[in-house]
Each structure stands twice: as structure tokens, then as C-alpha cells.
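Chemist:
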Amino acid sequence: MFFNDLRQHGKLAAKRHPMYEKNKFGKFFMYFMAVFFASYLIFIGTGLAYAFRDRFSNMEPYHILNKALLVIFLIDFLMRFSFQKTLTQEIKPYLLLPIKKNS
């Protein structure tokens, strides 16, 4: 329940922001680019699989791609960790309200 309230308040705060319309376009552009890059990665992944099959005939393509998987997961974790909003950042406006702490 608490997390739902925080999420709802975040959505309301985003709608009340003066740059809401520009943020709306930015979100659309971000989703469009995410779909574009996902399709691009799928295309590259299948193309590399065929290229690896021809070049490294003694190994399967997924063996070669799995060698880089640890690096990909590490980069993904670091990117998510650096851009993620922590819970203390979301709760701080509520702590500043003039409400008794023990109620």
C-alpha cells in the first residue's frame, strides 16, 4: 500500500510539472528509441550468430556470446544502479511535513 501511494504521488507530481508536455514527448521518444535499439540488437545478434558459425566452426555461437554475457550484465547493473531513484529520495518530502513522528 505504501509503495502504491508513493507511485501514485509520483505520477501526480509528474502531471503537475510545468514541463509535462515536453516530458511526454521525451517519454515517447525514449520508448521509440528503446524499441529501435531492441530491434537493432536482435538484428545484430542473429547476424553475429551466422557470422560466428562461419568463422568459428568448432564452437557454437551461443558459447561465444555467453563469454561476453558477464560484462553485459555488469554494465547493465551499473547503469541501473546509477540511474535508480532510492527510496530515501522518494520519502524525504514526506519527512519534511509538519506531522508528529509517533502518530
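Oh and the sequence shown: position 62 is 789 in my numbering, straight run, nothing missing. Positions of the beta carbon are idealized from the N, C-alpha and C atoms, including for glycine.
Skipping 5 residues on each side, what residues in its chain have a beta carbon closer than 6 Å to that of Phe779?
Modeler: Cβ within range, chain order: Pro788, Ile791.
Chemist: List, from N- to C-terminal side, the alpha helix (DSSP H) runs of 4 residues or more that fit wholly inside the stretch 740–818.
Modeler: Here the runs fully enclosed are 747–782, 788–794, 796–810.
Chemist: With DSSP collapsed to three states, give me the class of Pro825.
Modeler: Three-state DSSP puts Pro825 in coil, outside helix and strand.
Chemist: To the nearest angstrom, how far is the alpha carbon of Gln811 from that of Met760?
Modeler: In a straight line, the C-alpha of Gln811 is about 20 Å away from that of Met760.
Chemist: Would Glu817 pass as a contact of Leu739 if the rule is Cβ separation under 7 Å?
Modeler: No; because the gap between Cβ atoms is not below 7 Å, this pair is not in contact.
Chemist: Less than 8 Å between the CB atoms is what I'm expecting for Asn731 and Ala741, so what's the real figure, rounded?
Modeler: Asn731 to Ala741, Cβ: 16 Å. No contact.
Chemist: Roughly how many angstroms separate the alpha carbons of Pro820 and Ile826, rounded to a whole number?
Modeler: Straight-line Cα distance between these residues: approximately 12 Å.
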